[in-house]
Each structure stands twice: as structure tokens, then as C-alpha cells.
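Quick notes on the structure that follows.
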Amino acid sequence: MTVPIHSYCLRFLSLILLSLRLLSLLLLSLLSCRLWAAESIVITSGEWAPYISQKLPHYGITSRIVTEAFKQQNIETQYQFYPWNRSLNSARGGEVNATLGWAKTEEREQDFWFSSEPISIEQTVFFYRADRPLDWQQIWSDNSRGFKVGATLGYEYGSEFDLAERRGHFQVIRYPDDKDGFRLLKRKKIDFFAMDLIVAEHTLKRFYPTVRDTFQYVSQPLYVVELYLLFSKKDKRNLQLKRAFDRGYKALKTSGRLKALTIECSKRNVPAARLACPPMPSAN
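In our numbering, the protein residues as written are 554 to 837.
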């Protein structure tokens, strides 16, 4: 029995259509995987409680704001915590997309795109022992030459501090963890040390609650600086993530969500102005 030629054509056409369907499903699957990968970001940081911390809900107050800004753009966030220098260098080398909590410098601008707006404000002050009082004039007078000053590895303390160190005005003792400053000061291994005021209060409350009155601080700040979310220039896709974050952060403002987070932060003893997110007139 002879099969009509049009039957062969129909079968051939069916095979072609089936192949096209399978190819379409494969392309859609690949596209979905690509989109899924594009809708996430890996951010590194160091420990800086209560702003940023692996041990706190939402990874700290600042991290929560960053997470919610990306959420506005349907981007998931993943955080990795390292010592500060490693955190910066891993982002600089393109191992991750971004790193959180850095001041703007010309050197960093060569390797990173900065968020359009700061996400927190650092205010560093000098802490000293209450039984060995110091004031701003004493710290910078010639009589303070030879004093031992504590500082955390990887932190910046401003041009005035750097210049004093280079000129030998005081000897800088660096340590890996913020809480080491209070430990060394308590043991009189250093004369005073520099630390962000809110981070210091959090550290005292957590690690040294029984000796809080042992320490005082100079009211005049050593260093006040805006901190940003930095996006590595090693991957051009990170520029799109940076723009997405900027849109998401703006959406938080206009929707009133940022104001709500600001109020919540204030209840946790973190002033709204220190989060670089004061209530916006349009966020009623």
C-alpha cells in the first residue's frame, strides 16, 4: 500500500513543530535561569553593630534599609561578613557585587560605583578613662606626644588623624575588633581610642555593661563622614544593580517606608540623622 506524499509532509511538519516547541521551552528555561541570577546581589561587609552585623535581625539597621531598597526592585540580597579590608578587596576584585559601609574617596571611585545617596553617617569620637580625663585641646597639644591611641584595623579616621600619625604626634595601636579598644583602655594599655559613638554605645551595652561609667568621650567629633554602598566596576552588570538600588531607595522615600524605618531606628537609640534617612516631606 502506497502512503500519499502529503502524509509524509504532514509528519515532517509535525516533527518540525515539535522541535520548535522543545527549542522554545529550552530557551525559556535558560532565560529564566539567567533572569534568576540577575535578580540577586551579593554584598560584603564587616561587623559594625548596630548598623551592620551578622548577629542582628536583618543583619543590622543599615543592611535592612539596603535590603528593602533592593526589594522594591525585586532583587534579592545576600550578605557575606569578613574583616573590613577583606570585605573591600573581595568586592574590588569582582568576587562579589558590592560592599556596604564605605566613605567616598578618589581611590575607591576608580574601582567602584557609589550609591547616589549615603546610607549612614559615621560620627567618630575619642574615648578615654573617666579617671584620666582628656579634652580636645589636650589631645592635640604638644604634651600629648607619645600617647598611645587605639584604632580598628581597616577603619578611616580622617585626614587630621592620619597627619598626626605620620608626624608622630601619637603612636597608633591597631586591633581587629572594635571591642578591643575598651578592653585595652580598661587595662591602661592605651591612653584613648577612636570609635563611632553609636557603635561604641552598643558595644558597651553588650560587652561592658558593668563598667560603663569607667569610660567617657570627647564631645567634639574627630571625624564625621557619609557612608555609601559600593558596586564593583569589575562587572558591568553591577552598574545596573547600582541604578536599581538608587531607584529602590528613592521608592522607599516617596512611599513613606523609609520614614517608618527611621522611626523604628530611633526607637533603638540610633538617631534618624545618623542613618542618612531623615523623614521626607512627601512621606506622610
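Even glycine gets a Cβ: it sits at the ideal position worked out from N, Cα and C.
- Within 10 angstroms of the beta-carbon of residue 654 lie 16 or more other beta-carbons, which makes it buried.
- Counting only residues of its own chain and dropping the five nearest sequence neighbours on each side, residue 700 has a CB closer than 6 Å to the CB of 723, 744.
- DSSP, read as helix, strand or coil, puts residue 804 in helix.
- Judged by DSSP in its simplified three-state form, residue 614 adopts helix.
- Leaving aside the five residues that flank residue 798 on each side, the residues in its chain whose CB is nearer than 7 Å to its CB run, in chain order, 622, 623, 668, 782.
- Here residue 675 is buried: its Cβ has 16 or more other Cβ atoms, across all protein chains shown, within 10 Å.
- Assignment of beta-bridge partners to residue 634 by DSSP yields 598.
- Nearest C-alpha to residue 677 among 763, 627, 752, 786: 752.
- Beta-bridge partners of residue 655 (DSSP): 781.
- Under DSSP, the beta-bridge partners assigned to residue 701 are 724.
- Within the model, the alpha-carbon separation for residue 598 versus residue 690 is close to 35 Å.
- A residue is called buried when at least 16 other Cβ atoms come within 10 angstroms of its Cβ; residue 764 does not meet this threshold and is exposed.
- Excluding the 5 residues flanking it on each side, residue 760 has same chain C-beta neighbours closer than 6 Å at 732, in chain order.
- Taking the Cα of residue 686 as reference, the smallest distance to any Cα among 738, 637, 650 is reached at 738.
- Checking the DSSP bridge columns, you'll see residue 747 partnered with 679.
- Residue pairing from DSSP places residue 667 in a beta bridge opposite 783.
- Residue 592 places its beta carbon less than 8 Å from that of residue 628.
- Only residues of its own chain outside the window of five on either side were considered, and among them 600, 612, 613 have a CB closer than 7 Å to the CB of residue 606, listed in chain order.
- The beta carbon of residue 800 is closer than 8 Å to those of 625, 626 in its chain, skipping five residues each way along the sequence.
- In this model, residue 602 and residue 617 are separated by some 12 Å (Cα to Cα).
- Counted as a single uninterrupted DSSP element, the alpha helix (DSSP H) harbouring residue 691 occupies residues 689 to 693.
- Cβ atoms of residue 746 and residue 757 stay farther apart than 8 Å, at about 13 Å.
- About 5 Å separates the Cβ atoms of residue 615 and residue 673, confirming a contact at the 8 Å cut-off.
- Selection 595, 776, 604, 649 evaluated against residue 817 yields 604 as nearest (Cα-Cα).
- When the Cα atoms are used, residue 762 and residue 709 turn out to be separated by approximately 27 Å.
- Shown here for residue 773: same chain residues with a beta carbon closer than 7 Å to its own, the five before and five after excluded, namely 689 in chain order.
- Per DSSP, the continuous beta strand (DSSP E) segment holding residue 769 begins and ends at 768 to 770.
- Judged by DSSP secondary structure, residue 732 falls within the alpha helix (DSSP H) whose first and last residues are 732 to 739.
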